[in-house]
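To keep things clear, I will list the structure first and then write my remarks on it.
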Amino acid sequence: MDRVLIAGVPGAGKTTVINKLKDYVSNLNIVNYGTVMFEIAKEKYSVESRDQLRKLSPEVQRELQKLAAEKIYKMEGDLVIDTHLAIKTPKGYMPGFPAELLSLINPDILVLITAQPEEIWERRRRDEARTRDMDSLIDIIQHERVNNAYLMAYSAISGSYALIVRNEEGKPEEAAKRIARLFE
Amino acid sequence: MDRVLIAGVPGAGKTTVINKLKDYVSNLNIVNYGTVMFEIAKEKYSVESRDQLRKLSPEVQRELQKLAAEKIYKMEGDLVIDTHLAIKTPKGYMPGFPAELLSLINPDILVLITAQPEEIWERRRRDEARTRDMDSLIDIIQHERVNNAYLMAYSAISGSYALIVRNEEGKPEEAAKRIARLFE
Amino acid sequence: MDRVLIAGVPGAGKTTVINKLKDYVSNLNIVNYGTVMFEIAKEKYSVESRDQLRKLSPEVQRELQKLAAEKIYKMEGDLVIDTHLAIKTPKGYMPGFPAELLSLINPDILVLITAQPEEIWERRRRDEARTRDMDSLIDIIQHERVNNAYLMAYSAISGSYALIVRNEEGKPEEAAKRIARLFE
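Chains as they are written, first to last, in the working numbering: chain F, 914 to 1097; chain Y, 914 to 1097; chain Z, 914 to 1097.
Listed below in C-alpha cells is the structure:
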C-alpha cells in the first residue's frame, strides 16, 4: 500500500498522466484533494463552486485543507492524491502541504510532473474550456521553480521520497509508466 | 491585521520599495529586524555597532534573533518586518528564520524582493556609502537562488504565503504597489 | 568543536576534497555516514554489501539512518560527516536528512560541494572502477538543483549554516582550504 501525491502546475499535463496511469496500475484509488476540500466546504460552508472555495478566508481554507487531509489519510489501498504543491493566490503562493498538513497525510512519495515552460504555455492557450488566466512565460518558469523548491522542502520535512517526472509533449504514457513503476 | 515579512539581497532595492510602500498604505508599522536585534544587543551585551553584532558567536546571535522575534510578535496593527531570509557569513548562509524562529514570529506573508543580478551588482557598485564587499555576479546569482529556496522552505514549514516581487530598474513604486495590495 | 556535514553528488569531487582537507586541519575526525549505516546493517541484518544495503525496505533504511545518526552524534572533537543530501532511488530522491534525523545529528554547518555539470559527467565517465550508472547531463543538472533545494530546506529546519563550495576542475585544494577555514 502506497500513498503517492501527484502534483504539477496547470498545463504540465497532470490530469492526462493520471488518467493514463489507470491503464498501467490495477485497483488504483485516485482522489482529488481539491474535490475533497470542495465537498467538505459544500457541506460545512454551503459553498457552491470551486471559485467560491478559492475566495474563502485563509483560515477557513486551512481548516478545509486539514479536514481533507484527515479524510484522505483514512482511505485504503494504493492511493494517488491528485493535488497542487502550491496554489497561486493574490497574496502569493499558498503552500499546499505545510508541515502541519504533511504530518496528517503522511505520503510515501511526492511526484512532481513537469514540462517545458513553452509547452505549458501553449497547452494553457489551447485549453479554452477552463478559461485560465494567461500567465506569462516568466510566471510559468517561476511557478515551476517554486514547485521544485516546495517539493524538496516537503520531502525534507516529512522524509517522503521526491520524484520529478518530465512529461514530454505527446508522450504522457511514458510519464504514466514511470509513475506506475512506483506501485510495483 | 497582517504581518508581512519583507526580504531581499542587498541591492535588490528592499529599502527603496519599503519607503515607497508608506505612500500606499496608511497606518503601516515598519520594523527592522536587525535594528531590534541591535537594540537588544546594546542593552544586553554592550554591543556598539552593527559590525560588532555580526561578530558575536552563533549562539549569542541565535539568542538575539529569538528575543527580537518575541518582541516583534507582540507588535500590533499591520506590520512590515524588514529583514533578510539568509545572512551571508564566513561559515556560509545563516538562515534568518529557522523553524524555531518562524513559530515565534508567525508571519502571514513572506515577500522576497528580487531584481536582475546585473542590476543588483550595478546598484551595489554605485552604493559607495555603505562600503559593501563586492560579490561577483556568480555570487549574486547564487544568493538569489539560495533566497528563493529559503523562501519556499520557510513557507512549507510555517504555512505562510510566499510572494516573489520583481523590482524592475526605475520602477520601485510598481513593486511597492504590488505589496500594498496585500494590506487591502 | 564543530560538526560539519559534507555532501555532493557523485562526481562533484567530495572524496578528493575531504582527503585534501586532512592536510589543512589537524585532529580532524572524518566519518562516512554510509559506512556507519553499513556496519550497523551488517551486525543487525547480516547485510554483506553496500548494494544489498540500498535494496533494503525504506522502513529498514530509515531505521538504519536513525541508528547511524545517534552513533555519530556521540562522536567527539571536530567532525566531518561525509554523506549525501539526497539518495537517488527508483522511487525518487530519498532525503538524506529529513527533519527527524536532523534533530538527532544536529550539525553546525552543512557543506555542499558542487561542480560544473559537464565536469561531473566527465569525471563519472572516467571513473570506471566504481561502475556507476551514467546519468545524462540533464539528470545531473536536476540532481544539483535538487541538492541545492534540500540544502536550504535542511538549513531552514535545523538552523544550521549552509555553505556552497564550488570545486573547480584541477583545484580541489582550493575547495579544501575554503572548508578548512570553518575549523579555525
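Ideal placement from N, C-alpha and C gives every residue a C-beta, glycine not left out.
Cutoff 8 Å: residue i Cβ touching any chain F Cβ
{"i": "residue 1047 of chain Z", "result": "no"}
{"i": "residue 943 of chain Z", "result": "no"}
{"i": "residue 1074 of chain Y", "result": "yes"}
{"i": "residue 1059 of chain Z", "result": "yes"}
{"i": "residue 1099 of chain Z", "result": "For residue 1099 of chain Z there is no data in the structure shown, the boundaries of chain Z being 914 and 1097."}
{"i": "residue 919 of chain Y", "result": "no"}
C-alpha gap between residue i and residue j, whole angstroms
{"i": "residue 1066 of chain F", "j": "residue 1062 of chain Z", "result": "7 Å"}
{"i": "residue 985 of chain F", "j": "residue 971 of chain Z", "result": "22 Å"}
{"i": "residue 1095 of chain Z", "j": "residue 1002 of chain Y", "result": "11 Å"}
{"i": "residue 964 of chain Y", "j": "residue 947 of chain Y", "result": "11 Å"}
{"i": "residue 939 of chain Y", "j": "residue 983 of chain Y", "result": "25 Å"}
{"i": "residue 914 of chain Y", "j": "residue 991 of chain Y", "result": "5 Å"}
{"i": "residue 871 of chain F", "j": "residue 1072 of chain Y", "result": "One cannot answer for residue 871 of chain F here, as it falls past the ends of chain F, which runs 914 to 1097."}
{"i": "residue 927 of chain Z", "j": "residue 919 of chain Z", "result": "8 Å"}
{"i": "residue 977 of chain Z", "j": "residue 989 of chain Z", "result": "21 Å"}
{"i": "residue 930 of chain Z", "j": "residue 941 of chain F", "result": "47 Å"}
{"i": "residue 1078 of chain Y", "j": "residue 1047 of chain F", "result": "18 Å"}
{"i": "residue 1036 of chain Y", "j": "residue 937 of chain F", "result": "55 Å"}
{"i": "residue 1090 of chain F", "j": "residue 1040 of chain Y", "result": "55 Å"}
{"i": "residue 951 of chain Z", "j": "residue 1049 of chain Z", "result": "28 Å"}
{"i": "residue 1051 of chain Y", "j": "residue 1038 of chain Y", "result": "15 Å"}
{"i": "residue 967 of chain Z", "j": "residue 1015 of chain F", "result": "26 Å"}
{"i": "residue 1097 of chain Z", "j": "residue 969 of chain Y", "result": "15 Å"}
{"i": "residue 961 of chain Y", "j": "residue 943 of chain Y", "result": "23 Å"}
{"i": "residue 1084 of chain Z", "j": "residue 973 of chain Z", "result": "39 Å"}
{"i": "residue 957 of chain Z", "j": "residue 957 of chain Y", "result": "51 Å"}
Cβ of residue i within 8 Å of any chain Y Cβ
{"i": "residue 967 of chain Z", "result": "no"}
{"i": "residue 947 of chain F", "result": "no"}
{"i": "residue 1007 of chain F", "result": "yes"}
{"i": "residue 1022 of chain Z", "result": "yes"}
{"i": "residue 1055 of chain F", "result": "yes"}
{"i": "residue 975 of chain F", "result": "yes"}
{"i": "residue 1077 of chain Z", "result": "yes"}
{"i": "residue 1033 of chain Z", "result": "no"}
{"i": "residue 970 of chain Z", "result": "no"}
{"i": "residue 1051 of chain Z", "result": "no"}
{"i": "residue 962 of chain Z", "result": "no"}
{"i": "residue 1069 of chain Z", "result": "yes"}
{"i": "residue 1062 of chain Z", "result": "yes"}
Residue i - partner residues in DSSP beta bridges
{"i": "residue 999 of chain Z", "result": "Z:1008"}
{"i": "residue 1026 of chain F", "result": "F:1078"}
{"i": "residue 1053 of chain Y", "result": "DSSP output for residue 1053 of chain Y lists no bridge partner at all."}
{"i": "residue 992 of chain F", "result": "F:916, F:942"}
Chain Z contact for residue i (CB, 8 Å cutoff)
{"i": "residue 1086 of chain Y", "result": "no"}
{"i": "residue 928 of chain Y", "result": "no"}
{"i": "residue 988 of chain F", "result": "no"}
{"i": "residue 1066 of chain Y", "result": "yes"}
{"i": "residue 999 of chain F", "result": "no"}
{"i": "residue 1013 of chain Y", "result": "yes"}
{"i": "residue 1094 of chain F", "result": "yes"}
Residue i versus the options, residue with shortest Cα-Cα distance
{"i": "residue 1008 of chain Y", "options": "Z:1075, Z:1015, Z:926", "result": "Z:1075"}
{"i": "residue 1022 of chain F", "options": "F:998, F:1039, F:1028", "result": "F:998"}
{"i": "residue 1000 of chain Z", "options": "Z:1037, Z:918, Z:923, Z:1084", "result": "Z:923"}
{"i": "residue 954 of chain Z", "options": "Z:941, Z:945, Z:981", "result": "Z:981"}
{"i": "residue 1013 of chain Z", "options": "F:933, F:995, F:974, F:1070", "result": "F:1070"}
{"i": "residue 1032 of chain Y", "options": "Y:1015, Y:1057, Y:1019", "result": "Y:1057"}
{"i": "residue 1082 of chain Z", "options": "Z:1059, Z:1034, Z:1050, Z:1060", "result": "Z:1034"}
{"i": "residue 1011 of chain Y", "options": "Y:1039, Y:975, Y:1038", "result": "Y:975"}
{"i": "residue 921 of chain Z", "options": "Z:951, Z:1097, Z:1090, Z:1059", "result": "Z:1059"}
{"i": "residue 945 of chain F", "options": "F:961, F:973, F:916", "result": "F:916"}
{"i": "residue 979 of chain F", "options": "F:949, F:961, F:1051", "result": "F:949"}
{"i": "residue 1020 of chain Z", "options": "Z:1052, Z:1040, Z:1038, Z:987", "result": "Z:987"}
Contact belief for residue i with residue j at Cβ below 8 Å, rounded distance in angstroms
{"i": "residue 1080 of chain Y", "j": "residue 1088 of chain Y", "result": "4 Å"}
{"i": "residue 1030 of chain F", "j": "residue 1054 of chain F", "result": "5 Å"}
{"i": "residue 1006 of chain Z", "j": "residue 1068 of chain F", "result": "7 Å"}
{"i": "residue 1025 of chain Y", "j": "residue 1064 of chain Y", "result": "5 Å"}
{"i": "residue 925 of chain F", "j": "residue 996 of chain F", "result": "Not really, about 13 Å apart at Cβ, beyond 8 Å."}
{"i": "residue 1086 of chain Y", "j": "residue 935 of chain Y", "result": "The Cβ separation is near 11 Å, so there is no contact."}
Residue i beta carbon near the ligand MN (any heavy atom closer than 7 Å)
{"i": "residue 923 of chain Y", "result": "Within the structure as shown, the ligand MN is missing, as the structure has no ligands at all."}
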